[in-house]
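Counting in the numbering used here, the final residue of the sequence shown is number 465, and the numbers go up one at a time with none missing. Positions of the beta carbon are idealized from the N, C-alpha and C atoms, including for glycine. All of these numbers come straight from a predicted model, not from anything done at the bench.
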Amino acid sequence: MQVALLERETFARHRPGETLHPAIEPLLGQLGIHSEFVCLRHLGHWVQWDGAARFVEFGGDGAGPWRGFQIERAVLDAQLLDRAGALGVQIIQPCASPTIIQAGNRVAGVTLGAERCLAACVVDASGGHGWLRRQLPIQWQAFSPRLIARYGYCQGEFEPGYDTPRLNAVKDGWQWIARVDTHLLHWTTLNFDSSSAPTGAPDTLKHLTPVGPIRGADVSWRLSDAPMGPGYIQVGDAAAILDPASSHGVLKALMSGMQAAQAIADCHVWPGGEHVVHQHFNTWLHNQFQADVDALRQFYRAHPWPPSWA
Ligand SMILES: Cc1cc2nc3c(=O)[nH]c(=O)nc-3n(C[C@H](O)[C@H](O)[C@H](O)COP(=O)(O)OP(=O)(O)OC[C@H]3O[C@@H](n4cnc5c(N)ncnc54)[C@H](O)[C@@H]3O)c2cc1C
Numbered sequence: 156m157q158v159a160l161l162e163r164e165t166f167a168r169h170r171p172g173e174t175l176h177p178a179i180e181p182l183l184g185q186l187g188i189h190s191e192f193v194c195l196r197h198l199g200h201w202v203q204w205d206g207a208a209r210f211v212e213f214g215g216d217g218a219g220p221w222r223g224f225q226i227e228r229a230v231l232d233a234q235l236l237d238r239a240g241a242l243g244v245q246i247i248q249p250c251a252s253p254t255i256i257q258a259g260n261r262v263a264g265v266t267l268g269a270e271r272c273l274a275a276c277v278v279d280a281s282g283g284h285g286w287l288r289r290q291l292p293i294q295w296q297a298f299s300p301r302l303i304a305r306y307g308y309c310q311g312e313f314e315p316g317y318d319t320p321r322l323n324a325v326k327d328g329w330q331w332i333a334r335v336d337t338h339l340l341h342w343t344t345l346n347f348d349s350s351s352a353p354t355g356a357p358d359t360l361k362h363l364t365p366v367g368p369i370r371g372a373d374v375s376w377r378l379s380d381a382p383m384g385p386g387y388i389q390v391g392d393a394a395a396i397l398d399p400a401s402s403h404g405v406l407k408a409l410m411s412g413m414q415a416a417q418a419i420a421d422c423h424v425w426p427g428g429e430h431v432v433h434q435h436f437n438t439w440l441h442n443q444f445q446a447d448v449d450a451l452r453q454f455y456r457a458h459p460w461p462p463s464w465a
């Protein structure tokens with residue numbers, strides 16, 4: 156297949172999501188990236204939730220314990236982009252925001268300024284912004300009230316305990332702290348009630364120097380009602396979002412991207428079965444999402460101040 160990748164921003168650009176689940180390793184291997192980046196690894200998380208703080212290990216197998224990654228997204232995303240380029244993907248970056256071309260009820264490609272790029276399939280990987288959803292009558296199904304995560308970075312001398320990410324329940328929400336680099340910490344806070352006053356860095360980090368602004372992100376739980384349809388697929392956050400306590404948004408983005416590539420190949424060899432492929436992809440995505448929603452609701456029910464909607 157001939158593939159073009161349209162990226163609006165020049166790299167390196169900021170994205171949150173530096174703590175990667177160990178299950179990402181075999182996927183990166185399949186994509187031809189063999190964790191050659193130097194980064195911090197961890198065996199699990201400290202979780203202080205419905206009792207004393209406990210260490211939750213990832214587990215392991217005959218080859219040893221599974222280890223998560225702490226890596227700056229700019230580094231990971233640059234590697235993914237380089238790999239795509241090496242495989243022959245045409246990378247157009249930075250690009251103006253494209254507009255879809257429709258032919259009957261199909262998405263038939265995109266226009267980029269004066270240029271028309273026709274395509275058998277347009278993949279929307281634009282993140283929570285949902286580029287395609289703004290152009291087609293695709294709806295979000297809501298699975299939570301509005302949730303806003305606030306996050307930031309700070310640097311300085313901190314205790315070695317931060318080598319392992321930690322999740323703490325606080326009144327009506329939670330805090331997450333993870334070390335991204337030798338002297339850099341990431342923090343995220345989420346309040347179950349989005350109308351409450353915005354929070355700053357956790358008190359335990361107040362002695363450190365803030366790096367960059369405090370940012371906010373809409374992490375309300377939601378799922379597209381038609382992630383794959385004639386001529387298009389939505390993947391990653393463009394298809395489904397959970398708040399970061401689910402802890403594997405990047406893994407899900409990679410998995411759905413790879414599943415989408417398979418679905419496109421299936422449609423190519425079996426054009427008459429396209430609707431079956433659409434149904435299969437949509438059911439797969441829905442089931443994955445529902446399992447994550449069930450697990451996260453159960454986790455929130457065990458919170459000392461559980462949200463009523465859980
Ligand atoms: C505070 C916070 C902390 C998080 N922590 C973690 C974590 O520790 N671990 C984890 O696994 N996940 C985490 N997540 C979730 C994770 O960030 C997302 O699930 C993940 O980034 C989704 O990847 P994506 O590729 O779908 O979208 P994105 O990472 O958002 O990438 C979308 C890309 O599309 C580009 N784009 C957007 N619009 C256009 C357009 N119109 N034209 C061209 N290009 C466009 C953007 O520039 C961007 O490069 C966190 C999320 C938040 C908000």
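Quick one: does the C-beta of D318 sit closer than 7 Å to a heavy atom of ligand 1? no
Taking Cβ to Cβ, would you say I179 is nearer than 8 Å to F213? no
Could you check how far apart the C-beta atoms of P365 and C309 are, in whole angstroms? I think they sit under 8 Å. 5 Å
Is the beta carbon of A393 closer than 8 Å to that of W204? no
Cβ pair I303, D373 closer than 8 Å: yes
Is DSSP giving F436 helix, strand or coil here? helix
In chain order, which continuous runs of the alpha helix (DSSP H) of length 4 or greater are located wholly inside the segment 377–458? 404–424 and 429–456
Is it the case that the segment 271–288 contacts the segment 376–394, given that we only count it when at least three CB pairs across the two stretches are under 8 Å? yes
What is the C-beta distance between L451 and S401, in whole angstroms, given that I count them as a contact (C-beta under 8 Å)? Yes, they are in contact, since the Cβ atoms of L451 and S401 sit about 5 Å apart, within 8 Å.
Could you tell me which of F166, T174 and D232 sits nearest to R321, measuring between CA atoms? T174
What are the start and end residues of the alpha helix (DSSP H) that includes L235? R228 to A241
Where does G223 sit, in a helix, a strand or coil, going by DSSP? strand
N-terminal and C-terminal residue of the beta strand (DSSP E) that E270 is part of: E270 to L273
Closest Cα partner of T354 within the set L161, I369, L182 and C276: I369
Could you please give me the residues that DSSP links to L160 through a beta bridge? L160 is bridged to I246.
Span of the alpha helix (DSSP H) around E180: I179 to Q185
Hey, is D392 close to ligand 3, as in C-beta under 7 Å from one of its heavy atoms? Looking for ligand 3 in the displayed structure turns up nothing; the ligands present are ligand 1.
Does at least one heavy atom of ligand 1 sit under 7 Å from the Cβ of P284? In the sequence on display, residue 284 carries His and not Pro. Checking every heavy atom of ligand 1 against the Cβ of H284, one is found closer than 7 Å.
Going by CA-CA distance only, name the one from G328, P171 and I188 that's closest to F454. G328
Quick one: does the C-beta of H169 sit closer than 7 Å to a heavy atom of ligand 1? no
Just to confirm before moving on: does the CB-CB distance between S299 and W376 stay below 8 Å? Yes; because the gap between Cβ atoms is below 8 Å, this pair is in contact.
According to DSSP, is G355 part of a helix, a strand, or is it coil? coil
If S252 sits next to R334, beta carbons under 8 Å apart, how far is it from one beta carbon to the other, in whole angstroms? Their Cβ separation, rounded to whole angstroms, is 35 Å, which puts S252 and R334 out of contact at 8 Å.
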